[in-house]
Structure formats: C-alpha cells, structure tokens
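These notes concern the structure reproduced below.
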Amino acid sequence: MGWRSRSCEPPGSPAAVRLRSEGQGPRTARSRKEPSVNTPVPSDTVTTFSLREALALLDDRIDGRVHIPGDPGWDEARSAWNLAVDQRPVAVVVAGSVDDLVQAVRTAKGLGLSVAPQATGHNAGPLAAGNGLADALLLRTSELRAVQVDRDLRIARVEPGALWGDVVAAVAPHGLAALAGSSHDVGVVGYTLGGGVSWLGRSHGLASNHVLAVELVTADGVLRRVDAEHDPELFWAVRGGGGDFGVVTAIEFRLFPIAEIVAGALFFPLERSEEVLQAWAAWTATVPDSVTSVGRVLRFPPMPDLPPFLSGKSFVVVEAAIQESPERADELLAPLRALGPDMDSVHPQPMPELLQLHMDPPAPVPGNGDGMLLAELPPAAVRAFVAATGPDSGSVLLSAEIRHVGGALRPDAALASAAEHGTPAPGAVAGFDAEYLVFGVGIAVPAASEALAASLGRLLSRVEPWRARADYLNFAEHERPAERLWGDRVHRLRALKNAVDPTGVIRSNHPVRR
Ligand SMILES: Cc1cc2nc3c(=O)[nH]c(=O)nc-3n(C[C@H](O)[C@H](O)[C@H](O)COP(=O)(O)OP(=O)(O)OC[C@H]3O[C@@H](n4cnc5c(N)ncnc54)[C@H](O)[C@@H]3O)c2cc1C
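Note that the sequence shown covers residues -14 to 499 in my numbering.
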C-alpha cells in the first residue's frame, strides 16, 4: 500500500510537444492516422498541423493509444456508456498506464486544451452538453482496471478504470464488502468522487467518506498522493467535489467484513402504485439504518434479453437490502408482505448478488435521466410521484425510483461514522440534508425522445415542492449551476480550483465554476 509523488518530465511533456510543434526533432506522425481534424481549437494555441503532430507524438510515446477524428475506431473510442450522448472531443486518449495519464495532462496543457477523464461515460451527458468537449482530449481510463486488496487492513486500492463489478469480485472471496453502487459496470472513481450511494448507504454513509487516499495528476502535470495529512484541502475536495481537481490514477478505500445480506424485491401490479408506495413511504419511517430500500415504478419494454416475467410488463416494486438475520428481516418486511406481492425475491444472499438487485442494464444503453433529493416524502409527495409515473400518467420512463437515504447518509452522522471506522473527516459532501432521492430514466430512442423528455420533466416538476436544498452530483445527468450541487461549499471548491487549475486544464462533467 502507499505510493509516492513524482514530477519527472516525460517525452510527452509541454516542452517536448512544443519542440515537435516547431518542426524540430524526428518526425513521428503516421500516415495511417491522417486526420480529418475539423474540431475547433483555440486559435492562440497551435495550428491544426502542429496539433496533429503533437497528438501523433503522444500516440507514439504512450503505452495506450490516441484516436483522432477519421480513425477507423473513432466512433467506438468516443462513445459513452450512455449511448445517447454524442461526445466530440479533439481526440481520445486511451491510457495504457498511469504514466499515460500524466503525459496526456501535460500534452493537453501544452496544447492549450483541456483533458476530460472518463472511465465509462455513465454520466457523460453534462460533459458533452453544448459541444463541451470541442477543446478537450477525452482521456479514457477504461483499460486500467486492476484491484488490489489488503485483507488484513481491509483496504482496496483500485486503478481509475475499475468498475464496481471488478471490486466486488476481488473483495468477496475475502468475506469483505465495498460500498458499491447498484450496477456492476459503474466506474468506482467517478462514483466515489461524486459521493456514492450504495445498498449499505444508510448504515455506512457515502462511499467517499471511506476513502483513505487518492492519487491524481493535477493540472500542472504532477502526480500527487493526497490524504488526510498530505494536501488535505485537495483531499477534502475530491471526496464529493467531483472530478474537477485532477485525473485520478488510483483510489484507496475502506472495506467492511460483510459476506452476506438479506435482499430482494417485492413486485406488485402497476395499478397498485399509490397504495404500495404510500405503504412503503410510511414503512421507511419505521425501519432501522440497517435497511436501505427503494420504491419504484418499472415499465419494461418487450425485449428478448429480459426474462419473460419482466419483458413488456409494468410493476410497482419495493427493493430492500437488510443487514439483519433472516428472521429479523422477515419481521421488518412483514408489513410490506402483508400487502400481498405478486412476486417476492427477498432471500439471504452473498454480497455479490446485490449487483443484480436493482436490475440495471447489463450493457451500455441510450438513456435520458435525471434526479433530485427530497427533504421529505409526505403522502402528498407520494401522490405527486404516482401522478407523474403511475398507471394513469402516460409516463414512458423505464424506471422512476425513490431511494430512501437518511441514516448514516446524513452529514451529522458522517462524522460519527468516520470516528467509528477510523476514516478521515468527511470531504466536500459529507452526506445529504435530505431523506429521499428521486431518479427517473427512459430509453432515449429518437422516435420517443420528446415523450421521454416530457415524462422526465413531469416527474421532476411534480416532486419539486419537496426538493431539498442541494442535488446529488451522481444523479445529476443534466447540467445545473454548481451551487445546486454544493451550496455554500462551492466557494471553497472554486477557490481551490482557481489555485490548482486556473486555466481549466481538467474538465469534469460537473465543474465547480459552472
Ligand atoms: C445504471 C446506473 C446505475 C447507477 N447506480 C448508482 C448507485 O447505485 N449509486 C450512486 O451513487 N450512483 C449511481 N449511478 C450514478 C453514477 O455514480 C454516476 O453516473 C458516476 O458519475 C459514474 O461514474 P463513471 O466513472 O462510471 O462515469 P463517467 O461518466 O466515466 O465519469 C463521470 C465523471 O467522473 C469524473 N471521473 C471519472 N473518472 C475520473 C478520473 N480518473 N479522474 C478524475 N475524474 C474522473 C469525471 O468528471 C467524469 O466526467 C448510476 C448510474 C447509472 C447510469
């Protein structure tokens, strides 16, 4: 465990790039990548010719590769997990090593460009909005997925492209659990920089509160290790402040000795949405913090990949993960089971099975979604949710959900939890001054895009009266003012951004200076 800072000057550094741009040194541009670069580049930086040369030089120097417009693999290289997002950067750098990430930052800076790190593109919408990548290198970390586990210290160290499925598979054989998201293919780093709400959220708080150290390349091209003792301001910012402060090359976080959990879903007919969601909302007020649950409305399209009992069917569903004995879980669930679900999949299970519970897409899809935190969920708010998503709503959302947060996800509880688990004091987002988290999403096919946008808008506007003061970064899939994500803490984040990256070399999907 542990790693060192370094500040070498690799061949792709600004100095080297400038040298090549001025026509000195050996020519390395390769004809197989004769580009059709027509992407706007700031006119006061480099000519198109020197840009091509610099990118070809970078391609030669790194372990990974550089794709430019016109390459045979261009469309694949620039595509995001959310297939509805059209990413059009100057070039895509697929990193093959940590040193590639350093070189990419230095090259971007030398060219007067920005660099946008991306693991999967689950939350690429706000990054690409308004042609926002037109002056940026998209830096893919997706091939750097190693996970190291220190079983005795209960710490995982992961590379920047690691997915939650990678981490869960690596830690479960040791009887350990991570604060993973609901989906196997969400990136660990993006999720954790934004906070991270897991199925253990109400007992353990945000994933970012259990980060022990982060290694990142800052805008000056220097690789740093930040933790509670080293550069604590940067360490504070990267835990909840998002990806604006550097390209993360590794992250280290606490694991928990949890091998099994009681979890599953109760499925009811869509027509019972109001009754079931009212009962679920009332139930959430009674359960201990060992229970994290979701109430949702699901409309599955007819799809051959789905099991027949789901394909083309609609439901109102309660999902729950319960860290209790099976007997105690049965007691807790009794009021919901008394409603008589059509299907009940709740059972004790090994932790990796939790990645199936939320029925997230197994592979990239085109989506349009967005969310907001709710301060409370009184019966009128449930009625508003059902009016927007239930049987008579005309909604085309595939999923409209309400996650129960609160518990250890409250900011005041985060401090206590940090003390209990021996982790550093929380960062820029310690938790939520909110009790529920709403998210709606649908499949964004062109023929249905207007209906989908209308359904999503209806959901968010109907529950707006109960909206909390801040939104949750990871569930914000459309642009919004930075103040909505960080409230007053945005001033501290901006001051740090101005100090470490005044010209905006590092580009994130939710910039603190938006
Ligand atoms: C199907 C699905 C299920 C989800 N489930 C959950 C859930 O259970 N709980 C939850 O909290 N969230 C969940 N999310 C939201 C998810 O946490 C965010 O979309 C998150 O941003 C995804 O991170 P990523 O790296 O996969 O995405 P990306 O789009 O690749 O990254 C998002 C942003 O993170 C930053 N970033 C990524 N890598 C780096 C890096 N190496 N260095 C610096 N910055 C970086 C960048 O700013 C980037 O724009 C879910 C989303 C989807 C679509």
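Note that CB positions come from ideal geometry on N, CA and C, so glycine has one too.
In this structure, the CA atom of G172 is about 23 Å from the CA atom of A399. I387 is bridged by DSSP to G280 and V423. Relative to ligand 1, the beta carbon of N194 is positioned no closer than 7 Å to any heavy atom. When the Cα atoms are used, G280 and G249 turn out to be separated by approximately 12 Å. Under the three-state reduction of DSSP, G206 is assigned to coil, being neither helix nor strand.
One Cα belongs to P335, the other to A244, and the distance between them is close to 6 Å. Burial is judged here by how many other beta carbons sit within 10 angstroms of a residue's own beta carbon; N353 has at least 16 and is buried. Set against 7 Å, the gap from the CB of H189 to the closest heavy atom of ligand 1 is not smaller. Here V174 carries a helix assignment [DSSP, helix/strand/coil]. Closest in alpha carbon position to A419, among G228, G442 and L394, is L394. The distance from the Cβ of G227 to that of G166 is about 16 Å, inconsistent with a contact at the 8 Å cut-off. For H332, there is no enclosing alpha helix (DSSP H); the enclosing beta strand (DSSP E) covers residues H332 to P335. Residues A455, D456, L458, A461 and H495 of the same chain have their beta carbon placed closer than 7 Å to that of L470, with the five preceding and five following residues left out of the count. For G442, the enclosing alpha helix (DSSP H) covers residues S434 to V448. About 23 Å separates the CB atoms of T126 and A157; that is not less than 8 Å, and the two are not in contact. A distance of 8 Å or more separates the beta carbons of L86 and V196. Closest by C-alpha distance to G110, out of G412, S493 and R443, is S493. Taken through DSSP and simplified to helix, strand or coil, L124 comes out as strand.
E245: member of the beta strand (DSSP E) spanning E245 to P254, first to last residue. Runs of beta strand (DSSP E) with 3 or more residues, each lying fully within the region 127 to 174, are found at 132 to 135 and 140 to 143, listed in chain order. Of the other Cβ atoms in all chains shown, fewer than 16 fall within 10 Å of the Cβ of P487; this residue is therefore exposed. DSSP places Q341 in the helix class (H, G or I) of the three-state scheme. Contact between L129 and G146 holds, with the beta-carbon distance rounding to 4 Å and staying under 8 Å. Straight-line spacing of the CA atoms in V51 and L96 works out to 15 Å. For G206, the Cβ stays outside the 7 Å cut-off from all heavy atoms of ligand 1.
Taking the Cα of P74 as reference, the smallest distance to any Cα among R91, P57 and L98 is reached at L98. Put simply, of D216, A114, V367 and R224 the residue whose alpha carbon is nearest the alpha carbon of Y421 is V367. Rounded to whole angstroms, G427 and A65 show a C-alpha spacing of 16 Å. Residue environment for V485: buried (at least 16 other C-beta atoms within 10 angstroms of its C-beta). Looking at the DSSP output, G231 shares a beta bridge with no other residue. Closest in alpha carbon position to T408, among H107, R239, V475 and I246, is R239. For Q72, same chain residues with a beta-carbon under 8 Å away, outside a window of 5 residues either side, are R63, S64, A65, G106, A109, L112, A113, L118 and L123 in chain order.
Contact check for F294 against L255 fails: the beta carbons are separated by 8 Å or more. Beta bridge pairing from DSSP links M288 with no other residue.
Under the three-state reduction of DSSP, N353 is assigned to strand.
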